[in-house]
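Shown next, in structure tokens, is the structure this report addresses.
Protein chains: 2
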Amino acid sequence: MQAEIITIGDELLIGQVIDTNSVWLGQLLFKNNISVFKKTAIKDLESEIVAQLDLSLAQSDFIVITGGLGPTKDDITKITLAKYFKMGWRVDVDVLKQLETFFADRGRVMMEANKMQAELPSGCETLGNEWGTAPGMLFRVGEKIIVSLPGVPFEMKNIFEQKVMPIILEHFELPKLHYKTLVTFNIPESLLAKQIEDIENDLPQNIGLAYLPNFNIVRLRLTGKEEHGVNIEQQIDGFAKRLTERIGDAVLAETDQSLVEIAADLLKLKNKTLSIAESCTGGYLSHIITSLSGSSSFFVGSVISYSNSVKHHQLGVESTLFETVGPVSEPVVEQMCSGVRERLQTDYAIAISGIAGPDGGSAEKPVGTVVIGISNSEQHFVKKYYFIGDRSGVISRASNMAMFLLIQELKKI
Amino acid sequence: MQAEIITIGDELLIGQVIDTNSVWLGQLLFKNNISVFKKTAIKDLESEIVAQLDLSLAQSDFIVITGGLGPTKDDITKITLAKYFKMGWRVDVDVLKQLETFFADRGRVMMEANKMQAELPSGCETLGNEWGTAPGMLFRVGEKIIVSLPGVPFEMKNIFEQKVMPIILEHFELPKLHYKTLVTFNIPESLLAKQIEDIENDLPQNIGLAYLPNFNIVRLRLTGKEEHGVNIEQQIDGFAKRLTERIGDAVLAETDQSLVEIAADLLKLKNKTLSIAESCTGGYLSHIITSLSGSSSFFVGSVISYSNSVKHHQLGVESTLFETVGPVSEPVVEQMCSGVRERLQTDYAIAISGIAGPDGGSAEKPVGTVVIGISNSEQHFVKKYYFIGDRSGVISRASNMAMFLLIQELKKI
């Protein structure tokens with residue numbers, strides 16, 4: 433079964449909005465063994481939408497369209513779909529009722545443009561939107577299914593999970609694919625490939641291996657198709673085991689998790705708490721940790737010590753160090769680390785100070801210089817790194833490295 | 433001139449990697465009056481790449497391909513392009529030399545797979561990669577230009593800015609388009625459309641108006657094509673002025689900036705410093721502020737007070753309040769705000785405490801309840817909000833609202 437995603441909206445093409453919808457859809461469909469084989473972002477233009485529908489219907493069995501369902505004039509998805517499928521219009525009374533409640537609850541007056549959101553192409557099935565004003569629509573063309581959903585991420589996700597997914601799982605007979613992902617850290621892709629070359633050559637036709645690099649992480653993904661008379665899961669597990677033995681400590685996890693998720697699981701498992709002192713990463717590390725729901729069970733808090741004054745007053749770093757060795761140095765990071773751990777009373781602490789750029793570098797400490805420290809009550813570890821990349825790249829690499837160091841420490845206990 | 437972006441890689445289709453490359457490319461091209469009319473993400477499959485090249489070359493004058501240039505077996509972009517354009521192979525000695533330096537600098541051994549990165553299709557122009565091992569390639573088909581770039585974001589960006597952009601600006605005659613964007617806050621799209629309906633109807637054929645909603649922000653973008661005998665800039669400015677007068681205070685900026693950029697500019701202009709106490713937003717607000725280079729001139733630091741103990745010990749919130757009114761309450765946020773402002777010695781402070789979900793809600797304080805405070809030495813403002821959405825949606829909306837409140841305060845002085 434081939435699935436395809438079409439996102440509609442000029443804002444996606446000019447980079448005004450980051451398309452997180454198709455990322456989320458890709459993940460969810462992948463988990464359900466539905467392979468998205470193409471994603472296309474097109475303009476709010478009838479001719480483009482029609483051309484894309486022609487193309488997609490010729491290739492795919494399931495098409496998800498997001499965007500272009502708002503109440504304003506530049507949103508033309510609904511009207512174009514009605515034309516394309518040669519349908520008239522109907523008023524969906526349930527949607528109309530829900531819209532009235534939606535506006536009444538918010539003390540807002542419902543306007544003509546809002547009422548029109550209850551008008552839908554006559555032949556589509558309504559996918560009610562609990563969290564917004566634009567309902568989703570489902571069209572059937574023979575055995576193919578096309579859904580059109582609003583572009584607002586949480587509205588789209590809610591409709592897709594609640595309404596679309598059950599229909600898809602019921603309607604399509606899905607292939608039985610099996611996956612296993614190994615998360616490796618800090619080995620360059622080419623070195624890794626060399627290291628496991630013979631194992632890769634041993635893979636049978638029905639098992640594929642993909643390298644998925646992202647910053648200093650490379651994910652190795654084994655994908656196998658179920659075939660008659662073969663225990664594919666066992667086969668994949670066997671290869672995963674060979675790879676893990678070969679690569680060793682650099683394999684951080686044998687499930688497809690982010691470094692933060694791996695660290696979070698270890699903190700929960702070992703019942704340890706964490707605090708952070710961030711300088712150059714400016715809150716990013718705390719943010720990715722607190723993006724995980726349930727992080728409050730181990731994450732206590734952070735001090736973002738952007739200025740030296742905050743490093744001194746809130747973390748207890750000796751002021752003289754800023755002049756003698758500078759804020760991006762092992763002694764300062766060590767004091768930041770013990771300072772935050774003692775003041776926030778946690779088992780572990782991370783401290784990061786560096787130069788994310790583009791300004792602030794020097795010959796001695798170029799942009800990308802980052803000192804990272806990890807400590808618990810018994811010991812501390814501090815090391816200087818040089819990361820390449822732009823500002824956001826340095827921030828990401830430093831945060832990844834800090835998570836890696838914490839994972840290594842937690843695996844020891 | 434039509435431009436198109438093709439991203440290659442299974443990881444983009446299964447949501448393992450967020451495609452920030454095409455976002456960045458879309459923005460840069462848009463700023464240079466090059467309109468990206470389509471973005472397609474396809475699999476690492478020769479048949480898919482070939483089919484897409486056929487389609488794209490029929491429609492577009494300029495095609496940017498990213499991804500699939502790594503040294504491992506699953507990267508097939510280069511070999512597919514060579515086949516597609518019926519080219520032989522050459523070794524680029526400059527690339528080979530640069531690769532040798534690259535590996536020597538890092539104390540790594542260069543392997544066969546790495547050396548092969550200096551082998552390029554005979555008819556392509558090399559786009560040297562200073563920051564990585566996969567060079568970019570430029571192909572010409574008649575007047576059309578196709579570039580293939582590595583998928584690693586900072587390598588791609590560097591090659592595109594340094595090598596590709598100058599060639600494109602020289603090669604193509606670009607249309608003269610003019611844009612003006614108004615950033616509006618907290619007026620729903622449909623209400624806004626109603627409010628400016630008559631102005632929108634007055635727009636001439638050569639000026640378009642787009643609504644670009646993202647959380648509680650709606651950007652209004654006027655786009656005009658230069659035509660003979662018409663001063664399009666003046667015309668657009670006239671309409672922007674009418675829109676601004678009509679919408680009033682909800683227009684936060686008349687340039688295409690994020691709320692954080694608007695707030696940052698005001699802090700710099702008014703020479704004021706800022707500190708933040710974050711609870712439910714967990715570092716996100718500090719992160720988006722420190723993502724701006726130069727933010728250290730006004731941003732001093734933050735306390736991420738995830739636990740009540742940190743709210744008490746690091747910010748001075750009275751412990752009794754946690755039991756009487758709870759951590760998500762006006763009195764606690766007021767004390768967090770004055771606490772962080774006094775301890776970090778800044779002119780302004782922001783404090784946020786709330787329930788981002790999915791757990792932790794109650795009948796009285798449902799998920800999405802967020803209290804936000806802003807203070808300076810003379811006054812403070814604290815208010816409770818209810819945001820809809822999932823965890824990341826609540827975090828984003830709360831951060832946007834905090835930036836909006838700060839902008840309002842800063843505009844008063």
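Residue numbers (the numbering used here), protein chains in the order written: chain D, 433 to 845; chain B, 433 to 845.
Using N, Cα and C, we set each Cβ at its ideal position, and we do this for glycine too.
As the structure is a prediction and not an experimental result, all values here were calculated from the model.
Ala625(D): not part of any beta strand (DSSP E); member of the alpha helix (DSSP H) spanning 621-627, first to last residue.
In the structure shown, Pro503(B) falls within a coil segment according to DSSP collapsed to helix, strand and coil. Taking 9 Å as the threshold, the shortest C-beta distance from Met833(B) to chain D does not fall below it.
Remark: C-beta atoms of Ser723(B) and Gly539(D) do not approach each other more closely than 9 Å.
Ranking Gln666(D), Gln637(D), Ile679(D) by CA distance to the CA of Arg651(D) puts Ile679(D) first. If one requires a minimum length of 3 residues, the beta strand (DSSP E) runs lying completely within the stretch 517-563 of chain B are 521-523, 551-553, 557-559, in chain order. Between the stretch 576-591 of chain D and the stretch 476-484 of chain D, the count of Cβ pairs shorter than 8 Å is below three; the stretches do not touch. In the structure shown, Gly726(B) falls within a coil segment according to DSSP collapsed to helix, strand and coil. Residue burial annotation: Arg773(D) is buried, with at least 16 other C-beta atoms found within 10 angstroms of its C-beta.
Taking 9 Å as the CB threshold, Thr616(D) stays off the interface with chain B.
Minimum Cα-Cα distance from Ser488(D) among the listed residues Val573(D), Gly441(D), Asn663(D) corresponds to Val573(D). The CB of Ala545(D) comes closer than 8 Å to the CB of Ser622, Ala625, Lys626 in chain B, given here in chain order.
Counting the other Cβ atoms within 10 Å of the Cβ of Asn703(B) gives fewer than 16, which makes it exposed. Contact with chain B is absent for Asn465(D), since none of that chain's Cβ atoms lies less than 9 Å from the residue's Cβ.
From the beta-carbon of Asn646(B), the residues of chain D found nearer than 7 Å are Val449. Between Ile782(B) and Leu684(B), the gap from beta carbon to beta carbon reaches 9 Å or more. For the stretch 748-824 of chain D, the continuous alpha helix (DSSP H) assignments of 4+ residues that do not extend past its boundaries occur at 752-756, 762-776, in sequence order. Per DSSP, the continuous alpha helix (DSSP H) segment holding Gln484(D) begins and ends at 478-491.
By alpha-carbon distance to Lys505(D), the top candidate from Val468(B), Gly502(B), Lys626(B), Glu575(B) is Lys626(B). For Arg522(D), the closest Cβ of chain B is not nearer than 9 Å.
For Gly670(B), the enclosing alpha helix (DSSP H) has its first and last residue at 664-679. Remark: C-beta atoms of Pro553(D) and Gly520(D) approach each other more closely than 9 Å.
The beta carbon of Ile508(D) lies closer than 7 Å to those of Asp476, Glu478, Gly500 in the same chain, with the five residues before and after it left out. The C-alpha of Gln746(D) is placed about 56 Å away from the C-alpha of Phe571(B).
Not a single CB atom of chain B sits nearer than 9 Å to the CB of Glu557(D).
Fully enclosed alpha helix (DSSP H) runs of no fewer than 4 residues occupy 585-591, 597-603 of the stretch 573-608 of chain D, in order along the chain.
By the criterion of a C-beta distance shorter than 6 Å, Val541(B) is surrounded by no residue of its chain, once the five residues flanking it on both sides are discounted. Neighbours of His719(D) in chain B, taken as residues at a C-beta separation under 7 Å, are given in chain order as Gly714, Gly715, Tyr716, His719. Only buried fits Glu710(D), as 16 or more other CB atoms lie within 10 angstroms of its CB. Taking 9 Å as the threshold, the shortest C-beta distance from Lys657(D) to chain B does not fall below it. In the DSSP assignment, Glu710(D) forms a beta bridge with Ile736(D), Ile784(D).
Any Cβ of chain D closer than 9 Å to the Cβ of Gln777(B) would place that residue at the interface, and such an atom is present. For the pair of segments examined, the stretch 828-835 of chain D was found not to touch the stretch 550-564 of chain B: the number of CB pairs separated by less than 8 Å stays below three. For Gly661(D), the closest of Val757(D), Gln840(D), Asn638(D), Val449(D) by C-alpha to C-alpha distance is Asn638(D).
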